[in-house]
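Quick note on UniProt numbering: the sequence shown kicks off at 1 and runs consecutively.
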Amino acid sequence: MDGNRRYAKKHQLQRIVGHTRGYQTLLEVLKWCNELDVKVATVYAFALDNFKRSRKEVESLMELATRKFTEMLDSEKTISQYGVRVQVLGALDRLPTKLQHVMARVMQSTRGHTKLTLNIAFAYSARYEVQQAAVSIRRGVMEGDLKAEDSQSGLLERCLYTSGLPEPDLLIRTSGETRLSDFLVSQCRRGTYLSFVKALWPELSFWNFFGVVFAYQRHHASLVHDRRSMAEIETKTDAEGVDDDNMEERILRFIEKRKKERERYIDRLAVQFQCASASSR
């Protein structure tokens, strides 16, 4: 979702207007994803590095995010209309309390939706994501859920925020930039088609989007071949030197435990949102 600020500058608007237009584009993209039967979409909304921006801009973005996540709770809005499950990927604890609570309520209320999963990377960086996965694995070893050698079996990748989701088939970077900017670096390392579009995010049109999807489809066979080849090599490498019939079962239990802990954490935050809403009436 790159180019909101440049869009505002280009049209002599306040920066927050650019970000608001960017949110409107997100809703349009969700409609296009529904029409093209896309099952998982991930957008980069706010990087950890964005906290380095001016205090005024950061506060405005947090207020805008709080309003828009609150709107998602309205059953008539696009998020519910299209059966979208919302997940927020990032350091929630670094966000304002009110925003944490409303994000949690949205995640909780859409948990049962299955038509499209929308991942919103907020207070996110790929480096931080990997660090958190490593911390989780280390804790698992210390608590006896894992053995130290389990980390040799591709476990780190299975403990990322996107655990349980398919690898990205297509990544679109708007505004003409040709870098990933610390976004889904681990997930896009094999078989992901990268497309760099000149249009700023608020200017992204259906034809921009459809054109990229069409280009991806032309390369689909070779991308699938590359992904399978890399997966086979990694599986063979991971298996070398590992002699533990219980490893996979142990890892699956650990991953399920992490999932339930995450859901309980989200549920606690969501309850706080409901309590705050009730007290304000």
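Just so it is clear, CB atoms sit at the ideal spot from N, CA and C, and this is done for glycine as well.
All figures in this text were calculated on a predicted structure; none of them were measured in a lab.
Just tell me which of 45, 225, 29 has its CA closest to the CA of residue 39.
Distance from the Cα of residue 39 is smallest, within the candidate group 45, 225, 29, for 29.
Quick one: which unbroken alpha helix (DSSP H) runs of 4-plus residues sit fully inside the stretch 12 to 59? Chain order, please.
Taking only runs of at least 4 residues, the alpha helix (DSSP H) segments lying wholly in the stretch 12 to 59 are 15 to 35.
With residue 99 as the anchor, note down where its alpha helix (DSSP H) starts and where it stops.
Taken as a continuous stretch (DSSP letters only), the alpha helix (DSSP H) holding residue 99 covers 97 to 109.
For residue 275, does the count of other Cβ atoms within 10 angstroms reach 16, so buried, or fall short, so exposed?
Counting Cβ neighbours within 10 Å, residue 275 comes out exposed, since fewer than 16 surround it.
Contact the stretch 19 to 28 vs the stretch 95 to 102: 3+ CB pairs below 8 Å:
Contact fails: fewer than three Cβ-Cβ distances are below 8 Å.
Is it a yes or a no for the stretch 115 to 127 touching the stretch 176 to 186, going by three-plus beta-carbon pairs under 8 Å?
With the cut-off at 8 Å, the stretch 115 to 127 and the stretch 176 to 186 touch.
N-terminal and C-terminal residue of the beta strand (DSSP E) that residue 122 is part of
From DSSP, the beta strand (DSSP E) with residue 122 extends over 116 to 124.
Find the nearest neighbour of residue 57 within the set 14, 31, 73, judged by alpha-carbon distance.
Check the Cα spacing between residue 57 and each of 14, 31, 73: the tightest is with 14.
Measuring alpha carbon to alpha carbon, tell me which residue in 154, 115, 160, 258 is nearest residue 79.
It is 115.
For residue 215, I'd like the list of residues in its chain whose CB is within less than 7 Å of its CB, leaving aside the five on either flank, ordered along the chain.
195, listed in sequence order.
Determine, using beta-carbon pairs with one atom in the stretch 145 to 156 and one in the stretch 244 to 252, whether at least three such pairs fall under 8 Å.
Output reads yes: the stretch 244 to 252 touches the stretch 145 to 156.
The alpha helix (DSSP H) enclosing residue 94, as first and last residue numbers:
Neither: residue 94 is in no alpha helix (DSSP H) and is coded neither H nor E.
Residue burial classification, residue 49 (beta-carbon count within 10 angstroms, cutoff 16):
By the 10 Å Cβ count, residue 49 comes out exposed.
Opposing strand residues paired with residue 170 [DSSP bridges]
DSSP output for residue 170 lists 193 as bridge partner(s).
Taking the CB atoms as reference points, tell me whether residue 139 and residue 191 lie closer together than 8 Å.
No, they are not a contact pair.
Contacts around residue 45, its chain only, beta-carbon distance under 7 Å, and the 5 residues preceding and following it disregarded:
Once the five neighbours on either side are set aside, the close Cβ partners of residue 45 are 1, 120, 121, 122.
Reduced DSSP category for residue 187 - H, G, I as helix; E, B as strand; rest coil
Look at residue 187 here: in three-state DSSP terms it is coil, with no helix or strand label.
Beta carbon of residue 105 nearer than 8 Å to that of residue 73
Yes, these two residues count as a Cβ contact at 8 Å.
Where does residue 19 land, buried or exposed, given buried means 16+ other C-beta within 10 angstroms?
Flag for residue 19 reads buried.
As a quick exercise: from 207, 117, 157, pick the residue whose alpha carbon is nearest that of residue 136.
Checking every option, the nearest Cα to that of residue 136 belongs to 157.
Can you give me the start and stop residues for the alpha helix (DSSP H) that residue 157 sits inside?
Run containing residue 157: 155 to 158, per the alpha helix (DSSP H) assignment.
Short of 7 Å in beta carbon distance, which residues of its chain neighbour residue 178, apart from the five on each side in sequence? Order them along the chain.
Cβ neighbours of residue 178 beyond the five flanking positions: 196.
Taking Cβ to Cβ, would you say residue 83 is nearer than 8 Å to residue 113?
Remark: C-beta atoms of residue 83 and residue 113 approach each other more closely than 8 Å.
Which of helix, strand or coil does DSSP assign to residue 264?
Here residue 264 carries a helix assignment [DSSP, helix/strand/coil].
Just the C-alpha distance for residue 222 and residue 90, rounded to the nearest angstrom, thanks.
Looking at the two C-alpha atoms, the distance is approximately 32 Å.
By Cβ distance below 6 Å, which residues in the same chain neighbour residue 110 in space, the five residues on each side in sequence not counted?
Excluding residues up to 5 positions away in sequence, 85, 86 lie with their Cβ nearer than 6 Å to the Cβ of residue 110 in the same chain.
Look at the alpha carbon of residue 173 and the alpha carbon of residue 163, and state the distance between them as a whole number of angstroms.
About 23 Å.
Indicate whether residue 102 and residue 69 have their beta-carbon atoms separated by less than 8 Å.
Taking a C-beta distance under 8 Å as the contact criterion, residue 102 and residue 69 qualify as a contact pair.
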